[in-house]
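Following: one structure in structure tokens, then a few remarks.
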Amino acid sequence: MVKHSVVIAGHRTSVSLEDAFWRALKEIAAQEGVSLAALVARVDAGRGEANLSSALRVFVLERALERLVSDNSGHSRAVR
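Following our numbering, the numbering of the sequence shown begins with 35 at its first residue and continues without gaps.
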């Protein structure tokens with residue numbers, strides 16, 4: 035687990051995630067041309083009742099699944 039501090043809506047908070055998730059989030063942020071903090075804030079804004087660490091993991095998983103589906107768009111296999 036790796037703990038990072040981020041500022042969300044003017045408040046500093048710490049988030050603990052496995053290093054693989056931090057690497058994926060940094061890659062997504064770079065692809066979108068935003069800072070890691072901005073990406074985390076965006077996920078936070080849409081997370082509902084889930085805790086932030088869980089919401090970030092789900093966000094990374096959903097992105098990975100979207101990428102898998104788009105990479106395999108010629109196949110008839112559905113991802114559930």
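Ideal Cβ placement from N, Cα and C applies to all residues, glycine included.
Between the CA atoms of residue j and residue i - distance to the nearest angstrom
i, j, result
"Leu73", "Ala54", "16 Å"
"Glu49", "Ile42", "Note on residue identity: the sequence assigns Val, not Glu, to residue 49. Cα to Cα, the separation comes out at about 11 Å."
"Glu66", "Asp105", "18 Å"
"Ser88", "Val94", "10 Å"
"Thr47", "His38", "8 Å"
"Glu83", "Gly44", "20 Å"
Simplified DSSP state of residue i, which is helix, strand or coil
i, result
"Arg81", "coil"
"Val36", "strand"
"Val74", "helix"
Contact check, residue i vs residue j, beta carbons under 9 Å
i, j, result
"Val68", "Arg76", "yes"
"Leu70", "Ala63", "yes"
"Glu61", "Met35", "no"
Range of the contiguous alpha helix (DSSP H) that encloses residue i
i, result
"Ser88", "86-105"
"Glu52", "Per DSSP, Glu52 belongs to no alpha helix (DSSP H) and is neither H nor E."
Check: residue i C-beta below 8 Å from any heavy atom of the ligand ZN
i, result
"Gln65", "In terms of ligand content, the structure shown is empty, and the ligand ZN therefore cannot be addressed."
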